[in-house]
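Protein chains: 2
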Amino acid sequence: MAVSLEMTIAIKHVKNLLVGRPLPSERLEHERLSKKTALAVLSSDAISSVAYATDQILFVLGGAIGLAAVNYVVPISGVIVGLLVLVALSYRQTIFAYPHGGGSYTVARDNLGVGAGLVAAAALLTDYILTVAVSISSGIAAITSAYPQLHDHTVLLCVASIVLLMVVNLRGVRDSGAAFSVPTYVFIFAMIALIVTGLYREWSGHELATITAPLKVDPVSAHQMTFPTGFALAFLMLRGFAEGCVAMTGTEAISNGISAFKQPAQRNAATTLGWMAAILAAFFMGTSYLARHYGVMPTTDETVLSQLGRHVFGTNAAYYLLQYATFALLVLAANTAFADFPRLSGILANDRFMPRQFSARGDRLAFSNGIIVLALIAMVLVIVFKGDTNALVPLYAIGVFVCFTLSQSGMVMHWLRSHEPGWRWRMMLNGLGAIATAAVALVQVTTKFTAGGWIVCLIIPLIIVMLLKIHRHYVQFAEDIKFTGQATILPLHHTVVVPVNGITKATAAALVYATTISDEVMAVYIEVDKRETKVLQDAWDEWDIGVPLVVLPSPYRSVLRPLVAYVESLRMVSPGELVTVVVPEVVPRRWWEHFLHNKTAFYIRTAFLFKANVVVTSVPFLLGHSYRLRDLLEHDPDVDAVESLPRIPFRNSGPRRAS
Amino acid sequence: MAVSLEMTIAIKHVKNLLVGRPLPSERLEHERLSKKTALAVLSSDAISSVAYATDQILFVLGGAIGLAAVNYVVPISGVIVGLLVLVALSYRQTIFAYPHGGGSYTVARDNLGVGAGLVAAAALLTDYILTVAVSISSGIAAITSAYPQLHDHTVLLCVASIVLLMVVNLRGVRDSGAAFSVPTYVFIFAMIALIVTGLYREWSGHELATITAPLKVDPVSAHQMTFPTGFALAFLMLRGFAEGCVAMTGTEAISNGISAFKQPAQRNAATTLGWMAAILAAFFMGTSYLARHYGVMPTTDETVLSQLGRHVFGTNAAYYLLQYATFALLVLAANTAFADFPRLSGILANDRFMPRQFSARGDRLAFSNGIIVLALIAMVLVIVFKGDTNALVPLYAIGVFVCFTLSQSGMVMHWLRSHEPGWRWRMMLNGLGAIATAAVALVQVTTKFTAGGWIVCLIIPLIIVMLLKIHRHYVQFAEDIKFTGQATILPLHHTVVVPVNGITKATAAALVYATTISDEVMAVYIEVDKRETKVLQDAWDEWDIGVPLVVLPSPYRSVLRPLVAYVESLRMVSPGELVTVVVPEVVPRRWWEHFLHNKTAFYIRTAFLFKANVVVTSVPFLLGHSYRLRDLLEHDPDVDAVESLPRIPFRNSGPRRAS
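Keeping their order, the protein sequence lines are chains A and B. For the first sequence, counting from 1, position 391 maps to 401 in the working numbering; every step adds exactly one. For the second sequence, counting from 1, position 643 maps to 653 in the working numbering; every step adds exactly one.
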């Protein structure tokens with residue numbers, strides 16, 4: 011017990027240091043975000059996709075058709091941008107229809123039923139986790155592209171970044187917004203500089219550098235590098251398109267997070283969504299265009315953006331600024347998930363589909379448990395996939411498009427029911443989006459299934475089963491504890507049993523407590539050695555405190571079994587009888603001293619846990635002074651510090667209660 | 011809590027399966043050993059040394075002087091046998107002087123003081139652990155000598171053997187004696203056959219095989235293989251002697267284990283000691299003589315005994331019988347430690363130098379905790395040293411000779427004080443033994459220090475410090491809980507606080523209990539959301555059970571802090587005031603459901619653990635039927651199985667206690 015206590019104190023100190031002092035609930039409203047900050051916090055997932063989306067198209071195509079891949083990157087990117095515009099317009103409608111946020115889960119649940127809602131929820135939870143894993147590994151790739159000597163430490167750098175994000179988020183949502191606004195705008199500035207300079211160079215014919223980094227292809231692909239035709243070419247283009255669709259991940263973040271916006275939240279969110287889509291489209295097309303122009307292919311060591319930076323800027327301060335900003339933005343993208351995963355978990359917990367611990371706001375008003383769980387799972391993913399973005403991306407985007415489809419199908423139903431002004435064309439817009447994203451979801455699953463997509467196809471159903479099982483438990487639980495009777499609460503007949511092993515202060519403290527809570531108290535001694543019984547019995551008779559000593563023989567040396575049998579026999583006398591077992595529990599001063607004492611109190615509690623009408627109480631007897639009280643109370647705004655309290659006393663006189 | 015409970019049930023099932031049903035204490039006397047069985051159980055450590063002692067001499071000498079080593083093995087063995095006779099005679103005197111056993115620790119403590127006793131105890135504990143590690147790795151070497159293909163699985167085989175030994179010993183001492191008697195006598199038979207056949211072959215000149223296994227020396231030694239002279243030669247011989255002294259380990263086992271003998275225990279023990287010394291001396295000399303005759307050198311892959319077996323018998327059934335018997339005897343040698351380590355731990359625990367858990371006999375009358383701890387530490391050693399006997403042996407024997415010296419010095423003091431008939435020559439015999447073994451102990455430390463001996467020289471003092479710290483705790487503890495007052499146990503004034511979060515069956519059960527144990531009951535609600543408070547307050551007023559509802563605002567959303575502050579404020583009213591916090595605790599049916607509920611009861615208990623005069627009681631509310639009661643009671647000889655008990659009831663009528 012006290013081991014846990016000391017750990018609690020230590021954890022509390024570390025926690026206050028890292029996470030900050032608790033904030034009162036009334037400050038919740040003030041933690042909302044301005045549009046500029048919201049763009050930084052909630053759009054970074056989508057915008058940051060430019061750091062790896064072009065790479066993915068080229069990576070997949072390049073493996074099959076080599077440098078010829080660059081010829082296809084621009085049209086594929088164009089199709090994706092078209093899809094992006096459609097989806098963004100759809101979500102704009104969702105923002106106004108659902109002012110409190112909640113995104114795909116809420117929309118699907120409300121309009122298509124709980125089943126569709128849970129599919130959306132499972133897909134979203136999966137994708138938030140992958141957002142963290144993919145963004146962080148891609149962010150570290152930006153760093154290792156600039157500093158190749160760090161390449162061997164990829165996994166460590168990824169894990170460290172996730173830990174940092176977790177701590178920042180546990181501090182609360184406004185702090186994290188403020189901390190990350192600057193780097194996002196630096197990235198936007200750097201990207202504009204890159205694209206404008208690159209285009210200017212092309213236009214003016216000033217090409218400073220030539221392409222130096224050759225495409226690295228694995229030997230197996232190299233053998234097959236005959237140019238595909240017909241179905242094979244179509245499948246390849248679809249695969250490239252599917253991987254490129256990773257650019258659209260994060261589009262739903264703003265409509266999920268309306269409640270984080272300053273008022274008027276809906277209008278602000280819609281404006282921010284527009285800005286986000288525009289920036290993303292421009293950067294993605296710009297990157298793909300420059301990649302084609304410079305004939306850049308991604309390698310396992312260097313990203314497309316890094317290579318473009320070296321070509322356009324040269325390896326100078328501007329280049330490093332771009333890399334740092336890319337890293338910072340990707341960390342911020344992961345941060346989007348740290349805002350949304352806990353929020354969705356909280357909504358699911360309120361709907362009783364997730365453990366209720368996810369619905370509680372922590373000391374700093376963030377959903378602490380969701381943040382910690384997200385960080386842990388993402389760390390596992392990064393470690394298992396060794397921080398390799400290219401291995402993680404095929405798992406990504408499948409869930410996103412499942413959500414897009416469900417969300418927009420839900421909106422179709424919404425317009426059908428609401429018949430608001432303009433519902434027809436709104437419904438058609440969402441319907442178009444639903445069909446398009448459903449088609450893309452199908453393309454995602456079929457083209458990427460063997461490349462890792464099967465993992466997601468397995469995990470999403472598992473998550474749904476888990477959500478349903480949790481829900482069933484809570485429903486049953488609510489039923490089980492429902493109190494329907496008009497019964498008056500009345501005391502039961504009550505006997506107290508105190509297991510003793512001698513006459514000590516600990517025993518005496520337990521007996522004081524026992525006589526306080528009942529008039530029928532029995533001390534019980536478990537006899538292992540008859541000679542010791544005689545000694546105790548004599549001392550007990552001499553003590554003469556009016557509490558009888560019952561001796562229970564224990565031929566098998568067990569303390570628990572005779573005690574359980576005796577208490578059961580007391581209970582059998584009358585079925586309404588209530589028995590309390592009061593156990594003297596010695597609490598040592600130092601952690602290692604716990605190993606020197608039997609955990610009798612714990613075992614007795616466990617033995618009686620499933621026995622009806624038996625309550626086990628331990629009366630702690632503290633060895634030494636009541637130390638470290640201040641440690642426990644430190645940083646505790648609710649309590650005036652209490653310096654030092656007396657140990658359990660024995661009142662030698664006083665009125666005995668009338669009975 | 012219930013997680014622990016389910017684990018308890020599972021562990022109990024596995025335990026009963028492996029270890030057997032509990033035995034009553036009265037069967038303790040019947041678990042004693044006959045002379046023949048005792049020779050098998052207690053002498054095997056000493057006798058089995060022939061499986062590696064000759065190897066060690068040749069291994070050390072061979073590394074320096076190659077095959078010439080065989081010329082020195084017989085004289086060195088002769089000196090060791092002389093020492094053995096001296097030590098055996100000394101211990102024979104100890105057996106008669108100390109009828110209850112206890113060996114070096116008891117003798118040193120009683121005659122030389124607690125300090126010397128603790129040195130002996132630490133040395134003995136170390137040696138028992140090394141007995142297990144060395145014997146098991148040597149036993150597995152006997153098997154891998156016969157089946158070289160198993161060589162790669164050495165560590166796994168060692169660990170499996172230790173686990174087997176642990177389980178057998180947890181079953182109790184007689185079972186293990188019976189299980190192991192046969193192999194010991196087979197080994198004795200096989201060794202006699204080996205030596206007699208070998209000697210006959212030598213005498214008759216029938217040499218069937220020539221030496222095939224060459225000495226493997228490591229390259230470094232090979233370069234230095236100039237024959238040493240003067241001091242270097244003397245040091246080498248001393249080192250060989252020191253390593254060969256490992257043959258004497260286990261000599262003290264019988265005098266430690268007198269209490270395991272059938273009556274007359276002392277006479278039986280003395281006879282057994284004589285037989286043991288004679289068998290050991292004959293086998294050791296025989297092995298060393300044959301090794302010299304056949305020019306056998308140990309290799310890392312094959313032991314001396316195995317090579318001798320192949321030469322004398324050929325690789326036939328007789329050879330395999332010898333190897334199996336060697337393995338079995340070495341397992342039995344390890345078993346000696348499994349008898350002695352827990353017994354010494356028990357004695358030390360009774361003297362309050364070890365945790366008291368070591369003094370309790372388990373269900374099968376063995377000292378379960380000592381057995382388990384020994385097995386775990388030995389496993390760690392075997393894993394760290396990769397099951398290599400040659401790496402483990404230098405750690406061994408140092409402690410043994412420290413014990414020999416202390417034990418015999420103690421006996422010198424004993425005779426000086428007792429002045430029994432013949433005390434003079436008895437004292438001289440023990441004095442001679444003490445001087446000789448002290449000299450050998452010194453040789454052990456100096457010659458083997460750099461080869462691993464330093465580890466033992468570090469660990470023995472550490473163990474002594476640990477024993478002393480434990481002792482100091484228990485002494486202080488006994489002082490702390492000593493009850494000296496003539497105080498009568500009288501009840502205190504008592505208030506009960508019940509934290510509630512709604513009107514549920516769990517709350518109602520807690521309130522039934524609260525009103526049973528006190529007339530002053532307050533329900534406390536922690537307010538996080540004011541609207542919810544209003545709803546509860548109205549429902550509470552309507553319920554009208556005569557228990558006031560106190561609402562505590564919690565601006566920081568913590569349940570614990572306002573509760574702690576409130577209870578403290580109650581306690582401040584009058585210092586003698588006793589407060590019980592009665593917490594409704596929901597106990598789910600399945601293990602994973604625990605993750606769906608806050609561990610509020612646990613946190614509340616922890617928060618109040620160091621607060622004086624506050625007792626925390628949880629009233630368990632069982633979800634679903636009171637299941638698995640039979641599982642818990644199964645195999646429980648003290649309790650008549652109770653089929654199914656009612657859940658916590660609400661008595662709707664009944665007399666309220668007079669107050």
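No residue lacks a Cβ here, since even glycine has one placed at the ideal position from N, Cα and C. Because the structure is a prediction, the values reported are computed rather than measured.
For Lys-45/A, the CB contacts under 7 Å within the same chain, skipping 5 residues up- and downstream, are Asn-278, Thr-281 and Thr-282 in chain order. Contact holds between the region 464-484 of chain B and the region 133-143 of chain B, because three or more Cβ pairs, one in each stretch, are under 8 Å apart. For Ile-555/A, the three-state secondary structure derived from DSSP is coil. For Thr-505/A, the closest of Thr-164/A, Val-534/A and Asn-511/A by C-alpha to C-alpha distance is Val-534/A. The DSSP-derived three-state label of Glu-430/B is coil. Taking a cut-off of 8 Å on C-beta distances, the region 190-206 of chain B does not touch the region 376-383 of chain B, as fewer than three cross pairs fall below it.
Here the region 593-601 of chain A makes no contact with the region 577-584 of chain A; the two share fewer than three CB pairs at distances below 8 Å.
The Cβ atoms of Pro-308/A and Phe-605/A do not sit closer than 8 Å to each other. Within the same chain, and ignoring the five residues on either side of Asn-440/B in sequence, the residues whose Cβ sits closer than 6 Å to its Cβ are Ser-100, Gln-418, Met-421 and Val-422. Chain A places no beta carbon closer than 8 Å to that of Leu-546/B, leaving this residue out of the contacts.
In summary, Pro-109/B is exposed, with fewer than 16 beta-carbon neighbours lying within 10 Å of its beta-carbon over all protein chains present. Residue nearest to Ser-58/A within the set Tyr-82/A, Phe-106/A, Val-144/A and Ile-90/A is Val-144/A (criterion: CA-CA distance). Flagged as an interface residue toward chain B: Asp-490/A, by a C-beta distance shorter than 8 Å. Against Pro-431/B, chain A offers no close residue; the least beta-carbon distance is about 34 Å (beta-carbon pairs closer than 8 Å). As far as DSSP is concerned, Ala-338/B takes part in no beta bridge.
Listed in chain order, the positions of the region 196-211 of chain A with a beta carbon within less than 8 Å of a beta carbon of chain B would be empty, since no residue qualifies. Taking the C-beta atoms as reference points, Leu-318/A is found nearer than 8 Å to Thr-297/A. Arg-567/A belongs to the set of residues whose beta carbon lies under 8 Å from a beta carbon in chain B. Look at Tyr-138/A here: in three-state DSSP terms it is helix. Excluding sequence positions up to five before and after Ala-151/A, its CB lies within less than 6 Å of the CB of Thr-313 and Thr-399, all in the same chain and listed in chain order. The way I'd put it, the region 400-414 of chain B does touch the region 446-455 of chain B; three or more beta-carbon pairs between them come closer than 8 Å. From the beta-carbon of Thr-525/A, the residues of chain B found nearer than 8 Å are Ile-499, Leu-500 and Pro-501. For Pro-594/A, the enclosing beta strand (DSSP E) starts and ends at 588-597. Residue environment analysis places Pro-509/A among the buried positions, since at least 16 neighbouring C-beta atoms fall within 10 angstroms of its C-beta. Cβ-Cβ distances below 7 Å link Asp-350/A to Tyr-138, Ala-263, Asn-266 and Gly-267 in the same chain, with the five nearest sequence neighbours on each side left out; the list follows chain order. About 19 Å separates the beta carbons of Met-286/B and Ala-446/B, which is beyond the 8 Å limit, so they are not a contact pair. Cβ neighbours of His-303/A within its own chain (closer than 7 Å, five residues either side excluded): Glu-212. Three or more pairs of CB atoms, one per stretch, sit closer than 8 Å, so the region 537-545 of chain B contacts the region 562-572 of chain B. Among the residues of chain A, none has a CB under 9 Å from the CB of His-481/B; the nearest is roughly 10 Å distant.
Distance from the Cα of Leu-633/A is smallest, within the candidate group Val-485/B, Asn-511/B and Lys-396/B, for Val-485/B. CA-CA distance, His-163/B to Tyr-62/B, rounds to 20 Å. Judged by their CB atoms, Val-256/B and Val-403/B are nearer to each other than the 8 Å cut-off. In this structure the region 240-257 of chain A touches the region 83-92 of chain A; the number of beta carbon pairs closer than 8 Å is three or more. The bridge partners DSSP lists for Glu-537/B are Pro-563/B. Lys-609/B sits away from Ile-491/A, with the two beta carbons spaced by 8 Å or more. Taking the CA atoms as reference points, Gln-276/B sits about 27 Å from Val-178/B.
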